[in-house]
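What follows is a short report on a single structure.
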Amino acid sequence: MPFKLFLASGSPRRGELLSQINVEYERIKAGIDETQQVAESAEHYVQRLALEKALAGLLNNQQQGVVLGADTIVVCDGVVMEKPQDKLHAQQMMHLLSGNTHQVLTAVALVTAQQQAVKLVTTEVTFKILSDQEISDYWDTGEPKDKAGGYGIQGIAGQFVTHISGSYSAVVGLPLYETAQLIKRFEEA
Ligand SMILES: Cc1cn([C@H]2C[C@H](O)[C@@H](COP(=O)(O)OP(=O)(O)OP(=O)(O)O)O2)c(=O)[nH]c1=O
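Residue numbers 4 to 192, in this note's numbering, belong to the letters of the sequence shown in order.
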């Protein structure tokens, strides 16, 4: 790669996914306020957050290099789900996801001091019907607490998924095809 890539993310998954496609990176901090605005669509919200993370990273990095930011949210029957606040919240999310199809929206943003690009990827995921016991037991595993929608497809929740249409890596936190395309675009610029 002709430039240095900085990953503005605390997510271990996003780093692992970049390593999976042999992209070297350095992690940087990019704390931003994650609050959906009134009347802001889910699509706009997730793209805005990805871009804000990348831009905050660029600022923290004295405007050096290419910075990648990303954000993932789950949308089910019009309800936007981020990380669960507690067990009750997670259980409410899982009840909505149970026996239902939802969308996972992941946006990835690449920025430099000169240019910026954002790509939104939507994946459809269908869950089997979950019992109250399964939902309660799942929270107790600890897996849901740091994940949008309160589940991890790459973990124990993999067994809840009956169908997926779209990008698996996007559900885990970073769409590999689209990320590679964006990086290539910046390499050629
Ligand atoms: C749906 C789903 C989400 N997730 C994760 C991806 C993201 O890390 C997280 C959603 O929260 P995000 O706010 O997108 O990301 P983050 O807070 O983990 O990291 P950062 O903002 O520093 O980049 O949920 C999974 O790991 N598996 C899944 O199946």
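Note that beta-carbon positions come from the ideal geometry of N, C-alpha and C, so glycine has one too.
Buried versus exposed call for residue i [16 or more other C-beta atoms within 10 Å across all chains shown]
i, result
"residue 168", "exposed"
"residue 45", "buried"
"residue 24", "exposed"
"residue 41", "exposed"
"residue 84", "buried"
"residue 109", "buried"
"residue 132", "exposed"
"residue 188", "exposed"
"residue 20", "buried"
"residue 152", "buried"
Endpoints, the beta strand (DSSP E) within which residue i is located
i, result
"residue 114", "104-114"
"residue 74", "69-79"
"residue 120", "119-130"
"residue 29", "29-31"
"residue 165", "164-168"
For residue i, the nearest candidate out of the options (CA to CA)
i, options, result
"residue 116", "4, 184 and 70", "70"
"residue 136", "122, 97 and 125", "97"
"residue 39", "147, 31, 52 and 150", "52"
"residue 36", "22, 59, 43 and 19", "59"
"residue 173", "131, 118 and 155", "155"
"residue 125", "28, 107 and 180", "107"
"residue 8", "123, 80, 114 and 147", "114"
Limits of the alpha helix (DSSP H) - the one that residue i falls within
i, result
"residue 1", "This structure cannot settle anything about residue 1, because the visible part of the chain is limited to 4 through 192."
"residue 46", "45-63"
"residue 173", "171-175"
"residue 9", "No alpha helix (DSSP H) holds residue 9; the beta strand (DSSP E) holding it covers 8-11."
"residue 139", "135-143"
"residue 18", "15-23"
"residue 146", "Taken as a continuous stretch (DSSP letters only), residue 146 belongs to no alpha helix (DSSP H), as it is neither H nor E."
Backbone CA spacing between residue i and residue j [nearest angstrom]
i, j, result
"residue 170", "residue 13", "21 Å"
"residue 140", "residue 6", "45 Å"
"residue 102", "residue 149", "23 Å"
"residue 128", "residue 105", "5 Å"
"residue 61", "residue 22", "21 Å"
"residue 56", "residue 73", "7 Å"
"residue 121", "residue 78", "19 Å"
"residue 4", "residue 191", "10 Å"
"residue 162", "residue 144", "14 Å"
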